[in-house]
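For the protein sequence lines, the chains are A and B, in the order given. Residue 381 in the numbering used here sits at position 381 of the first sequence, and the numbers go up by one each step. Residue 717 in the numbering used here sits at position 290 of the second sequence, and the numbers go up by one each step. Inspection log for the structure reproduced underneath, given as C-alpha cells.
There are 2 protein chains.
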Amino acid sequence: MALVVQKYGGSSVADAEGIKRVAKRIVGTRASGDQVVVAVSAMGDTTDELIDLANQVSPQPPARELDMLLTAGERISMALLAMAIASLGMEARSFTGSQAGVITDATHGRARIIDVTPGRISSALAEGAIPIVAGFQGVSQTTKDITTLGRGGTDTTAVALAAALHADVCEIYTDVDGVFTADPRIVPTARRLPRISYEEMLEMAACGAKVLMPRCVEYARRYEVRIHVRSSFSDKTGTWVMGHATDDESEEAGMEQAIISGVAHDRSEAKITVVGVPDRVGEAARIFGIIAEAGINIDMIVQNVSAVATGRTDISFTLPADDGRKALDALREAQPVVGFQDILYDDRIGKVSLIGAGMRSHPGVSAKFFSALAEAGVNIQMISTSEIRISVVVSQQDVDTAVSATHKAFDLDATEVEAVVYGGTGR
Amino acid sequence: MALVVQKYGGSSVADAEGIKRVAKRIVGTRASGDQVVVAVSAMGDTTDELIDLANQVSPQPPARELDMLLTAGERISMALLAMAIASLGMEARSFTGSQAGVITDATHGRARIIDVTPGRISSALAEGAIPIVAGFQGVSQTTKDITTLGRGGTDTTAVALAAALHADVCEIYTDVDGVFTADPRIVPTARRLPRISYEEMLEMAACGAKVLMPRCVEYARRYEVRIHVRSSFSDKTGTWVMGHATDDESEEAGMEQAIISGVAHDRSEAKITVVGVPDRVGEAARIFGIIAEAGINIDMIVQNVSAVATGRTDISFTLPADDGRKALDALREAQPVVGFQDILYDDRIGKVSLIGAGMRSHPGVSAKFFSALAEAGVNIQMISTSEIRISVVVSQQDVDTAVSATHKAFDLDATEVEAVVYGGTGR
Chain A
1 MALVVQKYGG SSVADAEGIK RVAKRIVGTR ASGDQVVVAV SAMGDTTDEL
51 IDLANQVSPQ PPARELDMLL TAGERISMAL LAMAIASLGM EARSFTGSQA
101 GVITDATHGR ARIIDVTPGR ISSALAEGAI PIVAGFQGVS QTTKDITTLG
151 RGGTDTTAVA LAAALHADVC EIYTDVDGVF TADPRIVPTA RRLPRISYEE
201 MLEMAACGAK VLMPRCVEYA RRYEVRIHVR SSFSDKTGTW VMGHATDDES
251 EEAGMEQAII SGVAHDRSEA KITVVGVPDR VGEAARIFGI IAEAGINIDM
301 IVQNVSAVAT GRTDISFTLP ADDGRKALDA LREAQPVVGF QDILYDDRIG
351 KVSLIGAGMR SHPGVSAKFF SALAEAGVNI QMISTSEIRI SVVVSQQDVD
401 TAVSATHKAF DLDATEVEAV VYGGTGR
Chain B
428 MALVVQKYGG SSVADAEGIK RVAKRIVGTR ASGDQVVVAV SAMGDTTDEL
478 IDLANQVSPQ PPARELDMLL TAGERISMAL LAMAIASLGM EARSFTGSQA
528 GVITDATHGR ARIIDVTPGR ISSALAEGAI PIVAGFQGVS QTTKDITTLG
578 RGGTDTTAVA LAAALHADVC EIYTDVDGVF TADPRIVPTA RRLPRISYEE
628 MLEMAACGAK VLMPRCVEYA RRYEVRIHVR SSFSDKTGTW VMGHATDDES
678 EEAGMEQAII SGVAHDRSEA KITVVGVPDR VGEAARIFGI IAEAGINIDM
728 IVQNVSAVAT GRTDISFTLP ADDGRKALDA LREAQPVVGF QDILYDDRIG
778 KVSLIGAGMR SHPGVSAKFF SALAEAGVNI QMISTSEIRI SVVVSQQDVD
828 TAVSATHKAF DLDATEVEAV VYGGTGR
C-alpha cells in the first residue's frame with residue numbers, strides 16, 4: 001500500500017462539476033488500495049475576486065489581512081471537495097495549512113516553509129479518512145498569523161507534505177500529460193519526457209516551463225520527493241521528476257533519455273541596458289546593489305568589453321517585465337551618483353533555453369544551438385550558460401521560430417503528435 | 428477609557444460600501460478614546476451562496492465540512508473590515524474564532540461555547556490595534572475542529588468576548604433603534620424601551636422579538652454583560668439590556684419603566700394536536716419522549732381535561748413549523764404502540780405574548796389581556812403563562828390585530844412615532 005500525495009490546481013476545481021470529477025479520481029486512487037493525501041488550490045477565479053474586493057475597500061491592503069482574506073479561497077474548495085468525497089461514500093477531512101502543520105516564516109504574501117508537522121494528517125490517515133489540505137497557506141512560527149506561500153504555493157504545499165509524510169510519490173495534476181521537450185502549443189511534435197532529473201526540471205522551470213514552479217522542484221530535490229506530473233483529464237502516465245537513476249525503473253527511463261531534455265522559453269522578461277557606465281572597479285556592484293535594494297531579482301547579466309577609448313562600458317541584464325517600472329525608477333534616481341549616460345529598456349524580448357544534463361560531457365552543443373538559430377534567421381542578443389543549460393535572449397517575435405529550430409536540430413521531434421493540451425493554464 | 432465590544436451583522440457589511448461605513452464608525456469610537464473589539468458576521472448573502480455550493484456537490488454535506496465551508500464567510504468579511512480600517516489610518520487585526528480563543532464543544536452547526544481565552548485579543552489591544560473577530564465560529568476543545576455556533580452566533584460571540592474581556596458594554600448593531608414595546612412594522616406607535624432586564628429580554632426574544640437571540644441574552648445574564656442594542660444607521664441611544672437597578676443610572680431607567688415591557692409575536696410555530704390519547708399515567712411522557720428523540724424542541728403544551736366517558740384525552744403542543752414534518756413522521760410511526768386516534772396539524776397559527784416583570788405583583792393582567800383580545804374579536808386557541816409572561820396562540824391572520832389591541836390596552840402607545848426601521852432584517 002503506497003502513500004500518494006495528490007495536488008489539484010484551481011482550474012481542476014473551478015466549479016461543482018470539476019470538484020465532483022476530482023473527488024471521483026481521489027476515491028478511485030483510494031479504492032485501488034493506496035492511501036491518499038490531497039492538496040488543493042482555491043476554485044478558479046476565487047483569488048482574483050477576493051483581491052478585487054480588497055481593492056474596493058483599501059488602496060493598499062495590509063499584507064497580513066490580504067493573506068487572511070485569500071486563504072478563505074482554499075477553505076471553500078477543500079470543504080467542498082471533502083463533501084463531494086463523502087457523497088461517494090468515503091470519509092474525507094479538510095485541514096487548513098495551520099491545522100496540517102505547515103509552519104512558515106512571517107513574510108506575508110510569499111512565506112517560506114520552515115517545518116511541516118503533519119500530526120493531524122497522520123491521525124486522519126490512520127483512522128481511514130482522506131485528508132484534504134489547503135494549498136498555498138501556512139501559519140507563521142513567530143506571530144501565529146496566517147501566511148500565504150506566493151505563486152505556485154499549492155505545488156509546494158503538496159511536495160512539503162509528501163516529504164514530511166515520507167510519501168511514495170507526489171502527483172501534480174495539470175492540464176497536459178506531463179513535461180514535454182518543448183511547449184506543445186509551439187512545437188506540436190514535442191515529446192513527453194518519461195522522466196527528468198530535479199536539476200534539469202529546475203532549469204526548465206526557471207527558464208519558463210510553466211508546468212512546475214522552481215521553488216517546488218527545489219523542495220522536492222532537497223527532500224528527495226518523487227514527483228509525478230500528469231493530467232487530471234486522463235489516466236496516462238506523465239513525467240517522473242526524480243533523482244538520478246537509483247533503481248531498475250529509473251535506470252530504464254534513463255536509458256531512453258536523450259542528452260538534451262528539452263527547449264524552454266519565457267516571454268515574461270524585459271532587458272535593461274545601462275549605457276556608458278564609468279569603467280571603474282565597483283560600478284557594476286553599485287548598479288546591481290540599487291536593483292537589489294528595490295527587491296528585484298535579475299536573471300541574465302552581460303557586460304560588454306570596455307571600450308578603451310571612452311573609459312566607459314555598457315551593462316545589460318534581464319528581469320521580470322513586471323518589475324521594469326520599479327527598476328527604471330530606482331536607476332534614474334541613482335543616475336547623478338553613478339554617472340552612467342543612459343538607460344535603454346526593451347520588453348519585446350524572449351528567452352530560449354536548451355536544457356540537458358548530457359551537455360556537460362558533450363562538446364559542440366552550444367555551436368549546434370547557435371547554428372540552428374542562425375540558419376533560422378534568428379538574431380541572438382544575449383547569451384548565458386550553466387553546466388546543464390544554454391540560454392539566449394532573442395526578439396520576442398523570433399521565439400517560436402527559435403524554439404522549433406532548436407527542437408528539430410537536437411532531434412527531439414517525436415514521429416507522431418503525443419501531446420494533448422486539455423484545458424486552460426492548469427495553474 | 429472604556430472597553431467596547433461592537434457586533435455588526437451581515438446586512439451591515441453586505442458590500443464594500445457597507446464595510447467602509449462600519450469601518451468609519453469603529454474608527455470614530457476608537458478616536459473618541461475608547462478601546463474597541465469587533466465581532467463581525469459574513470457579508471450579506473455569502474452564507475447562503477456557500478450553502479448553495481455545498482448542495483451542488485453533496486446531497487447531505489457532513490456537518491464538520493459544512494462548518495469549515497461556512498466559516499470562510501467571516502474570514503472574508505473580517506479581513507476586508509480590517510483593511511478598510513487600515514485605510515483610515517488605524518491598525519486593525521483580524522482573528523478567526525479559533526485565534527480569538529472561542530472554545531466550544533464538538534457539536535457542528537450549533538456548538539456551545541465552553542470557554543473564551545482571548546489572549547491574542549488582549550495583546551492586540553495592548554499594542555494599540557483594533558481586533559476584528561470572526562463571529563459565529565469557534566474551535567472544538569476535544570477534536571480541534573472548526574465549529575459554528577448556529578443562529579444568532581455572532582451576537583453570542585460578541586457577548587462572550589465582552590464577558591471574557593470584562594468589557595464595559597457590548598454594542599449590538601442592528602437596523603432599528605433598539606428594543607421596542609412591539610414590532611414597529613405592526614404597531615407604528617411602539618415605544619423604544621430605554622432599558623430592559625435580562626429576564627424580560629429573554630422572554631421577549633423567546634417569544635419572537637428578533638432583535639436578539641435568547642441564547643445571547645442568556646449568556647449576557649450569566650456573565651452580567653451590559654448589552655446596548657442600537658442602530659448602525661444612526662448615533663441615537665438604543666436599548667440597554669442589563670440586570671436590575673444596581674446603580675443610579677439604571678435606577679433612573681427603572682423608574683421610567685412600565686410594568687409591562689412589551690408585546691412580542693411569533694409566526695414561525697405550528698400546532699400539533701394528538702387526538703384520543705388513552706387517559707393513562709405515562710402516555711403524555713411517551714408522546715413527548717417520541718418528539719424529544721426526534722431532536723425537536725417543543726414550546727407550549729396544553730392537555731384538555733379528560734372526558735370521563737371515553738377514557739381518552741387530547742394533547743396539543745406548539746413547535747417550530749420547520750420541524751413539523753419530522754414530528755408528524757415520528758408520531759405516525761409510534762401510533763400503533765401509543766394507540767392515539769388521530770393527529771391534527773396546523774401551521775396557520777401565531778403566538779402573541781405579553782411580557783413584563785411587573786405582572787408578578789399586579790393582579791388582573793391576564794384578565795385585561797384576554798378582554799382586549801375578546802373586544803378585538805380574536806379567538807384564543809391556547810394559553811401558557813410564566814412569572815413574567817402570558818402567551819396565547821391565535822389564528823395567524825389575527826396576529827396583527829391581537830398585537831395592536833394588546834399594545835393599546837396596556838397603554839404602551841407612544842404619543843408620536845419613535846421607531847425608524849432602516850433596512851432589512853438586520854440579522
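Built from N, CA and C at the ideal position, the CB exists for glycine as well.
Tell me whether the beta-carbon of A/C216 lies closer than 8 Å to the beta-carbon of A/V139.
-> The sequence position of residue 216 of chain A within the first sequence is 216, counting from 1. The sequence position of residue 139 of chain A within the first sequence is 139, counting from 1. No, the Cβ-Cβ distance between A/C216 and A/V139 is not below 8 Å.
Straight-line CA distance for A/V36 to A/R30?
-> Counted from its first residue, the first sequence places residue 36 of chain A at position 36. Counted from its first residue, the first sequence places residue 30 of chain A at position 30. Taking the Cα positions, A/V36 is about 6 Å away from A/R30.
Could you work out which residues of chain B lie near A/P59, taking near to mean beta carbons separated by less than 8 Å?
-> Within the first sequence, the letter at position 59 stands for residue 59 of chain A. Chain-order list of chain B residues neighbouring A/P59: S514, by C-beta distance under 8 Å.
Unbroken alpha helix (DSSP H) runs of length 4 or more, entirely within the region 208-247 of chain A: which are they?
-> Counting only runs that start and end inside the region 208-247 of chain A, the alpha helix (DSSP H) elements of at least 4 residues fall at 214-223.
How many whole angstroms separate the CB atoms of B/E627 and B/I810, which I take to be in contact at a CB cut-off of 8 Å?
-> For the purposes of this step, residue 627 of chain B is taken as residue 200 along the second sequence, with counting starting at 1. For the purposes of this step, residue 810 of chain B is taken as residue 383 along the second sequence, with counting starting at 1. The pair is not a contact, with the Cβ atoms about 20 Å apart (cut-off 8 Å).
Do you know whose CA, among B/A609, B/M505, B/A450, lies nearest B/F563's CA?
-> Residue mapping note: residue 563 of chain B aligns to position 136 of the second sequence, counting from 1. When each option's Cα is compared against that of B/F563, the closest is B/M505.
Separation of A/R226 from A/H407, as counted between CA atoms | Position 407 of the first sequence, counting from 1, holds the residue named residue 407 of chain A. Position 226 of the first sequence, counting from 1, holds the residue named residue 226 of chain A. Looking at the two C-alpha atoms, the distance is approximately 27 Å.
Spatial distance of A/S41 from B/D750 (CA atoms) | Residue 41 of chain A sits at position 41 when you count from the first residue of the first sequence. Residue 750 of chain B sits at position 323 when you count from the first residue of the second sequence. Computed Cα separation, rounded: 38 Å.
Going along chain B in order, which residues have a C-beta closer than 7 Å to the C-beta of A/E127?
-> Here residue 127 of chain A refers to the residue found at position 127 of the first sequence. Contact of A/E127 with chain B by beta-carbon distance below 7 Å is absent, the smallest such distance being about 12 Å.
Backbone secondary structure at B/G681 - three-state DSSP = In the second sequence, counting from the first residue as 1, residue 681 of chain B sits at position 254. Note that B/G681 scores a pLDDT of 48, beneath 50, so its modelled location is shaky and nothing firm can be said.
What is the DSSP secondary structure of B/T583, reduced to helix, strand or coil?
-> What you label residue 583 of chain B is simply residue 156 of the second sequence in a count that begins at 1. In the three-state scheme derived from DSSP, where H, G and I count as helix and E and B as strand, B/T583 is classed as helix.
Any residues in the region 18-43 of chain A with a beta carbon nearer than 8 Å to a beta carbon of chain B? Which ones, in chain order?
-> So the list reads I19, K20, A23, given in the order they occur along the chain.
According to DSSP, residues forming a beta bridge with B/Y772 = Counting from one through the second sequence, the residue named residue 772 of chain B turns up at place 345. Among the bridge pairs identified by DSSP, B/Y772 is matched with B/I699.
Is the beta carbon of B/G555 sitting closer than 8 Å to the one on B/A490?
-> Counted from its first residue, the second sequence places residue 555 of chain B at position 128. Counted from its first residue, the second sequence places residue 490 of chain B at position 63. In this structure, the beta-carbon distance from B/G555 to B/A490 does not fall below 8 Å.
Does the region 334-352 of chain A come within contact of the region 269-282 of chain A, defined as at least 3 CB pairs closer than 8 Å?
-> Here the region 334-352 of chain A lies against the region 269-282 of chain A, with 3 or more beta-carbon pairs under 8 Å apart.
Classify B/G665 as buried or exposed, calling it buried when 16 or more other Cβ atoms lie within 10 Å of its own Cβ.
-> Position 238 of the second sequence holds residue 665 of chain B. Counting C-beta atoms within 10 angstroms of its own C-beta, B/G665 has 16 or more neighbours from the protein chains shown and is therefore classed as buried.
What's the C-alpha gap between A/A372 and A/R221?
-> For the purposes of this step, residue 372 of chain A is taken as the residue at position 372 of the first sequence. For the purposes of this step, residue 221 of chain A is taken as the residue at position 221 of the first sequence. Cα-Cα distance, rounded: 33 Å.
Would you verify that the beta carbon of B/R537 is, or is not, closer than 8 Å to some beta carbon of chain A?
-> Here residue 537 of chain B corresponds to residue number 110 of the second sequence, with the count starting at 1. So, not an interface residue.
Of the residues B/D572, B/Y772, B/Q824, B/V690, the one placed nearest B/G635, counting alpha carbons only | Within the second sequence, numbered from 1, the residue matching residue 635 of chain B stands at position 208. Each of B/D572, B/Y772, B/Q824, B/V690 was checked against the Cα of B/G635, and the nearest Cα belongs to B/V690.
Using the beta-carbon of each residue, which ones in chain B are nearer than 8 Å to A/Q335?
-> Residue numbering aside, residue 335 of chain A sits at position 335 when the first sequence is read from its first letter. The premise fails here: A/Q335 is roughly 34 Å from chain B at the closest Cβ pair, so nothing lies under 8 Å.
Three-state class that DSSP yields for A/D7 in the structure shown | Counting from one through the first sequence, the residue named residue 7 of chain A turns up at place 7. Checking the sequence shown, residue 7 of chain A turns out to be Lys, not Asp. Strand, per DSSP.
Min CB distance A/L80 to chain B below 8 Å | Position 80 of the first sequence holds residue 80 of chain A. Judged by the 8 Å Cβ criterion, A/L80 is in contact with chain B.
Return the residue from the list B/Y625, B/A590, B/R618, B/L639 that minimises the CA-CA distance to B/T861.
-> Because chain B here runs from 428 to 854, residue 861 of chain B falls outside it and cannot be looked at.
Secondary structure of B/A561, DSSP reduced to three states | Your numbering for residue 561 of chain B matches position 134 in the second sequence. Looking at B/A561 - three-state DSSP - the assignment turns out to be strand.
Could I get the ranges of all uninterrupted beta strand (DSSP E) runs contained in the region 495-559 of chain B, with 3 residues as the minimum, in chain order?
-> Entirely contained in the region 495-559 of chain B, the beta strand (DSSP E) runs reaching 3 residues are, in chain order, 519-522, 529-531, 540-543.
Thinking just about the alpha-carbon of each residue, which of B/R448, B/R547, B/S624 is nearest to the one in B/L508?
-> Here residue 508 of chain B refers to the residue found at position 81 of the second sequence. Ranked by how close their Cα comes to the Cα of B/L508, the residues B/R448, B/R547, B/S624 have B/R448 in first place.
Does any residue of chain A bring its CB to less than 8 Å from the CB of B/I815?
-> Against the second sequence, residue 815 of chain B aligns to sequence position 388. With 8 Å as the cut-off, B/I815 does not count as an interface residue toward chain A.
Do you know offhand how far A/D314's Cα is from A/V302's?
-> For the purposes of this step, residue 314 of chain A is taken as residue 314 along the first sequence, with counting starting at 1. For the purposes of this step, residue 302 of chain A is taken as residue 302 along the first sequence, with counting starting at 1. Answer to the nearest angstrom: the Cα atoms are 9 Å apart.
Excluding sequence positions up to five away, which residues of its chain have a Cβ less than 7 Å from the Cβ of B/R578?
-> Taking the first residue of the second sequence as 1, we reach residue 578 of chain B at position 151. Once the five neighbours on either side are set aside, the close Cβ partners of B/R578 are M640.
N- and C-terminal bounds of the beta strand (DSSP E) containing B/E598 = Here residue 598 of chain B corresponds to residue number 171 of the second sequence, with the count starting at 1. Where B/E598 is concerned, the enclosing beta strand (DSSP E) stretches over 596-601.
Burial state of B/A589 (16 or more Cβ within 10 Å) | Walking along the second sequence from the start, residue 589 of chain B turns up at place 162. Taking every protein chain shown into account, the CB of B/A589 has 16 or more other CB atoms within 10 angstroms, so this residue is buried.
Interface residues of the region 486-500 of chain B facing chain A [CB-CB below 9 Å] = From the region 486-500 of chain B, only P486, Q487, P488, P489, R491, E492, L493, D494, M495, L496, L497, T498, A499, G500 have a Cβ closer than 9 Å to chain A.
CB-CB length for B/I817 against B/S780, believed under 8 Å = Walking along the second sequence from the start, residue 817 of chain B turns up at place 390. Walking along the second sequence from the start, residue 780 of chain B turns up at place 353. So it is a contact: roughly 7 Å between Cβ atoms.
Roughly how many angstroms separate the alpha carbons of B/Q762 and A/I85, rounded to a whole number?
-> For this step, residue 762 of chain B is matched to residue 335 along the second sequence. For this step, residue 85 of chain A is matched to residue 85 along the first sequence. Approximately 39 Å, taken between the alpha carbons.
C-alpha gap between B/K637 and B/R612, whole angstroms | Position 210 of the second sequence, counting from 1, holds the residue named residue 637 of chain B. Position 185 of the second sequence, counting from 1, holds the residue named residue 612 of chain B. Their Cα atoms are separated by approximately 12 Å.
Does the Cβ of B/T569 have 16 or more other Cβ atoms within 10 Å, making it buried, or fewer, making it exposed?
-> Numbered from 1 along the second sequence, position 142 holds the residue referred to as residue 569 of chain B. Its Cβ having fewer than 16 others within 10 Å, B/T569 is exposed.
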